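Counting in the working numbering, the sequence shown runs from 38 upward without gaps. Structure first, commentary second.
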Amino acid sequence: VYYSDAQFKLNDAQKKSLDSLVVFYSNRRISINGYADYAGTEDRNSLVAERRATLVLRYLVDRGFPETQVMNASGMGQKEIKGAATGKATAVNRRVDIFITKGVQVKGVLKELPARRRRHRSWFRNR
């Protein structure tokens, strides 16, 4: 989920993507990490990143995603995944990543794979 500068509210397109996650992955465990770019103070960016992760968590739970399936939801502060030389590069640093554990469905219950075989994949990355 990507954001405009200093924003943390979800727009309709982002909500639609998260609704799909609830429908197709509610039997899987997820991890939610919020990030900010380097514009502004480190304290402010940490708060924005935390708020982004928390609001995504609240939205998913309000839509029916089991809170017990969420391993963590936290702000990771400022993290640069691409050089911030341009506005477009800076924009990809303002995001929430959702990682979904890979597991095996057994009689309606998710059976986790052994830790050495467990894999994560990123949910949605609109580029």
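Yeah, the Cβ is synthetic: ideal placement off N, Cα and C, and Gly gets one too. Computed from a prediction, not measured in an experiment: that's the story for all the values here.
*Would you call the stretch 58 to 78 and the stretch 126 to 136 touching, i.e. three or more CB-CB distances under 8 Å?*
Taking 8 Å as the limit for Cβ pairs, the verdict is that the stretch 126 to 136 does touch the stretch 58 to 78.
*Leaving aside the five residues before and after A90 along the sequence, list all residues of the same chain whose C-beta is less than 7 Å from its C-beta, in chain order.*
Short of 7 Å from the beta carbon of A90, and not among the five residues preceding or following it, lie these beta carbons of its own chain, in chain order: I69, N70, G71, A110, S111, G112, V133.
*Could you tell me if A86 is buried or exposed, where buried requires 16 or more neighbouring beta carbons within 10 angstroms of its beta carbon?*
The residue is buried, with at least 16 neighbouring Cβ atoms inside 10 Å.
*For M108 and R65, the rounded distance between their alpha carbons*: R65 and M108 have their C-alpha atoms spaced approximately 10 Å apart.
*Looking at L97 and L47, is the spacing between their C-beta atoms short of 8 Å?*
No. Outside cutoff.
*Measuring CA to CA, which of G77, V60, R88, D80 is closest to R100?*
When C-alpha distances from R100 are compared across G77, V60, R88, D80, the shortest belongs to V60.
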